[in-house]
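Each remark here refers to the structure printed beneath this line.
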Amino acid sequence: MLPTGAKETQLRENNSQKVHPQPMEEAMNQNPEAMETLISKVFTNISSLKSAYIQLQAAHTPYDPDKIHTADKLVISELKNLSELKHFYRENNPKPVCVSPQDSRLAAEIQEQQSLLKTYEVMVKKFQSEIQNKDSEIHQLQQQIEEARQKRAKLE
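When we follow UniProt numbering, the leftmost residue of the sequence shown carries the number 1, and every step to the right adds one.
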């Protein structure tokens, strides 16, 4: 048994230690073979995707619909494989959840602001389109006024 003063010192030392989430490097070091295999598969898949895309480009010159269709299927297949690798990685290495309620609140606020920004961008595009339509209408009316002036001048 520890003396009373030693117990208090040990408790203070234990309470002052902080618990940190496991860094990414440590998670990767736990199973390096699996990570190497995954990375190898990703690089292989990217090479296959590159090859499939080159085939798709080649099918356009000269234009051959059958080759384009076949190459397109190959590109889609490689993209699906890459997506499966991504899902496999995310399932086995989930992102850490927000640590504090403040982080969650900030993340939600950021997402809300991004949504508002997208809404405003859509509205700006709509207003720009309306402005272009109004400018076109103004131009047409100005032409009609000019034509009417010319007709009036001829009548006088």
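All C-beta atoms, glycine included, are put in the ideal place defined by N, C-alpha and C.
Shown here, residue 156 sits in coil according to DSSP, grouped into three states, outside any helix or strand. Put simply, of 85, 74 and 137 the residue whose alpha carbon is nearest the alpha carbon of residue 40 is 85. Across the structure, residue 71 and residue 115 are spaced so that their CA atoms are roughly 37 Å apart. Per DSSP, residue 70 is one residue of the alpha helix (DSSP H) stretching across 65-92. According to the DSSP assignment, residue 44 belongs to the alpha helix (DSSP H) that extends over 32-60. Measuring C-alpha to C-alpha distances from residue 83 to each of 59, 46 and 112 identifies 46 as the nearest. Annotation: residue 135 to residue 144 spans about 14 Å, alpha carbon to alpha carbon.
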